[in-house]
Amino acid sequence: MWKESVLARHARIYRSILQQGISLSSRHDSEAHYRTQEFRRITDRMTEWMWSVALSSLRARLPKAVKTSGDVRLPDCVKKTLSLGPKFATEPKKSAPELISIARRVARAAPNSDEDSLVNECVSVVSRKRPASNHQPVRRVQQSLRDNSLCLLPADKDRGFVVLTGEQGRRP
């Protein structure tokens, strides 16, 4: 993959060439301004695309976040959940009364004529909405570690976890 400095230099060169081309081919200042804005939109999209390509290759190079010792075997769902790292947290679930309370607080900031309609809309949405499910099987991971007598420790400087057998985890 190309170095960032080479890509940045190419981007600057292409940008200056295109801006020169726009200014030379435009007959009016407003047309040049429109073309420049359109060019910037295109370069923004291309930059986002290039970044997504670079980011996927960078993520592939990250070290494994879960290390095991000895003959420890982990199910895929446990590995996947633990690979999210020690700073992973699930989103706290809010109950329907909590959501309506938040809606009332927000509605108070709206004009008085809109306050009731905003709260009513929120109540109708909350009554139709199913509670969000936790996509990460955190409880299943806990149970799996407990059932197999495994010990989970944070890895030193690796932003991940080390999974040890119960005997290894108790050693001084």
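For the sequence shown, the numbering used here gives the first residue as 8, with consecutive numbering after it.
Glycine included, C-beta positions come from ideal geometry on N, C-alpha and C.
All values reported here derive from a predicted model rather than from experimental measurement.
Shown here, Lys74 sits in a strand according to DSSP, grouped into three states. With a cut-off of 8 angstroms on Cβ pairs, the stretch 99 to 111 is not in contact with the stretch 83 to 91, counting fewer than three such pairs. Rounded to the nearest angstrom, the gap between the Cα atoms of Pro104 and Ser131 is 13 angstroms. Around the beta carbon of Gly77, fewer than 16 other beta carbons lie within 10 angstroms, which makes this residue exposed. Arg19 is not a Cβ neighbour of Ile29, given a cutoff of 7 angstroms. The C-beta separation of Val73 from Gly167 comes to about 6 angstroms, placing the pair in contact by the 8 angstroms criterion.
A contact between stretches requires three or more CB pairs, one per stretch, nearer than 8 angstroms, and the stretch 12 to 26 meets this requirement with the stretch 39 to 57.
Here Leu160 carries a strand assignment [DSSP, helix/strand/coil]. The alpha carbon of Phe95 has as its nearest neighbour, out of Pro161, His17 and Ala15, the alpha carbon of Pro161. About 6 angstroms separates the CB atoms of Leu81 and Val170; that is less than 8 angstroms, so the two are in contact.
The three-state reading of DSSP puts Thr172 in strand, counting E and B together.
Rounded to the nearest whole angstrom, the C-alpha separation of Arg135 and Pro99 is 20 angstroms. Only exposed fits Leu65, as fewer than 16 other CB atoms lie within 10 angstroms of its CB.
In this chain, the alpha helix (DSSP H) harbouring Thr88 covers Asp83 to Leu89.
Taking C-beta atoms as the reference points, Ala114 and Leu125 count as a pair closer than 7 angstroms.
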